[in-house]
Amino acid sequence: MFGDLSSAAPTAPLSTLIEAWLAGDVTTLETGRRIDRQHRQLDDLPSPARDALMRLFPPYPGDDPDRAVVGLLVCALSTPGFAGDVLTAVAGRRALLEAVITLEPGDAVADIILRPGERVMLGTTGGRQSLTDLLEGNSQPLVDWLDRTVLDEDAFASTTSDVPLHDLKNLRDLITRLSQATEALPPGSARVMVADEWVAETTVAALGDDVPFADVARAIGETLLEQSAPILLWHAAHELALVAEDDPELRDAVLRRCLVMADCEAGRCPAEAAAPLLAELGTRGAIRTLDALGPDLTSGSWRAINKKYLRRELADHWHDWRDDIQRWATSGNPNRALAAFDALLRAPAPETGAIAWFVASADPDIRATCRSRLGLET
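Using our numbering, you'd call the opening residue of the sequence shown number 336 and step up by one each time.
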């Protein structure tokens, strides 16, 4: 049952409700549902800040938005014109700006991943100080700095690359520079945010009608596949999944590179992104691939394979897997055996006695682990 919303009513303007949320008087879910019911009654004129705040509070359960970002958007909502739109743009990239403000002006990392207006802001004494103040909660110095500049709104809203792309070679070069700059950032929200932005921007980059979309996706994905950051490999798997169906060598390259990477950034796991490609190999091909990669697959990798592929496969094609699952139950690879065991526990029982292969395994590590999972004495 929802709490009393009287402290946040009426919901016009929107900032009244959001400020109540910031004060802890209204829950995130209550805020989202109130906005959903009454968004047409809000007094605030349509603006990027208004739209951004409404997206942060959906009418269904979700994670709490970043309070610093919400606070900055409330300031943007009450700041008219160009300055308000810039505050909105900066709010959406706050995590990145917080990460790069420690870099020296002109640093190659900052140059490639920042918007033009952000480069000017970080490259000037006044702009840099105003950004520092904003990150500490005071947006007025940035508003004042914007009044003194000759920048326009496009400088903060343009895409990552200012240079037009003419061909796939230029695209690959750009992706390489963006990837290297992104990997130089510390792991976490800023790196995920900037990767999401420029991958989306370059995927839809205009290279002319004579360049098929599949070629663009392949150029981006193959370049990303050479990187190390989990978020970049996650994007590589998704980009190449669009074109790997008709290219067995490319599909195998994605599986070899990404299945062994079970580390996550913001919940993005390369192994989970790549695991569905196993279905394109057929049962025998998938088993051969998993056997070949087995020594390099960690327990995290097997959890990803189990979640995104193996459970469904054992439920749908048990007889094709039966002999190999029995083999896995007695082979000396506990991580692989436990993945198969967990898949059997979560799939409709394919065969009476299959669980017994694991709890009575001749391999003591497999036997002990599986018996422990069932609460049996080891």
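Ideal placement from N, C-alpha and C gives every residue a C-beta, glycine not left out.
These figures come from a predicted structure and were not determined experimentally.
To the nearest angstrom, how far is it from the Cα of residue i to the Cα of residue j?
i: L449; j: R512; result: 12 Å
i: A674; j: P630; result: 14 Å
i: L352; j: A424; result: 22 Å
i: I690; j: L568; result: 35 Å
i: E607; j: L645; result: 11 Å
i: D598; j: P605; result: 7 Å
i: A403; j: A571; result: 31 Å
i: A434; j: E536; result: 21 Å
i: D371; j: G406; result: 20 Å
i: T346; j: L388; result: Only weak support exists for where T346 lies, its pLDDT of 42 falling under 50; the value from the coordinates is given anyway. Looking at the two C-alpha atoms, the distance is approximately 13 Å.
i: V534; j: I510; result: 8 Å
i: R390; j: G397; result: 11 Å
i: I640; j: L628; result: 12 Å
Would you decide whether residue i is buried or exposed? Buried here means 16 or more other CB atoms lie within 10 Å of its CB.
i: T437; result: exposed
i: K504; result: exposed
i: V361; result: buried
i: D677; result: buried
i: G617; result: exposed
i: Y395; result: exposed
i: Q515; result: exposed
i: G688; result: exposed
i: S413; result: exposed
i: E471; result: exposed
i: L727; result: The structure shown does not extend to residue 727, since the chain spans only 336 to 713, so no value can be given for it.
i: E600; result: buried
i: N473; result: exposed
i: E580; result: exposed
i: P383; result: buried
Specify the secondary structure class of residue i as computed by DSSP and reduced to three states.
i: R454; result: helix
i: R428; result: coil
i: E584; result: helix
i: E561; result: coil
i: T471; result: A small fix is needed here, since residue 471 is Glu in this sequence, not Thr. Residue state, collapsed to three classes: coil.
i: E488; result: coil
i: E600; result: strand
i: L349; result: helix
i: D502; result: coil
i: L520; result: coil
i: T423; result: helix
i: L567; result: helix
i: S413; result: coil
Give me the residue from the options with the minimum Cα distance to residue i.
i: D658; options: R619, V361 and L673; result: R619
i: D479; options: D489, Q464 and A695; result: Q464
i: D725; options: L477, S636 and L577; result: The chain is shown from 336 up to 713; residue 725 falls before or after that span and cannot be answered.
i: L585; options: E607, E615 and M596; result: E615
i: R603; options: M528, L625 and V485; result: M528
i: A355; options: P381, V409, S707 and A552; result: V409
i: T459; options: R702, G472 and R483; result: R483
i: D531; options: S634, A387, E453 and H573; result: H573
i: A492; options: W637, A664, R454 and N473; result: R454
i: T517; options: P685, Q562 and D550; result: Q562
i: P683; options: R647, I566 and V539; result: R647
i: I622; options: F392, S634, D581 and I660; result: I660
i: A743; options: A576, A525, D581 and V578; result: Limits of the chain in this structure are 336 at one end and 713 at the other, which puts residue 743 out of reach.
i: R507; options: L469, D487 and A554; result: A554
i: H654; options: G556, L457, G462 and E686; result: E686
i: K642; options: A703, Q373, L628 and A609; result: A609
i: N668; options: G710, L632, V694 and A650; result: L632
i: H501; options: L520, V546 and I447; result: V546
i: R702; options: G710, F693, V539 and R708; result: F693
Every unbroken alpha helix (DSSP H) within the segment 650–706, with a cutoff of 4 residues, ordered by chain: Runs found: 653–665, 669–681 and 689–694.
Taking only runs of the alpha helix (DSSP H) that begin and end inside the segment 357–388, which ones reach a length of at least 4 residues, in chain order? Listed in chain order, the complete alpha helix (DSSP H) runs (minimum 4 residues) inside the segment 357–388 are 363–373.
Pick out the complete beta strand (DSSP E) segments inside the segment 613–651, 3 residues or longer, and give them in chain order. As far as the segment 613–651 is concerned, it has no whole beta strand (DSSP E) run of at least 3 residues.
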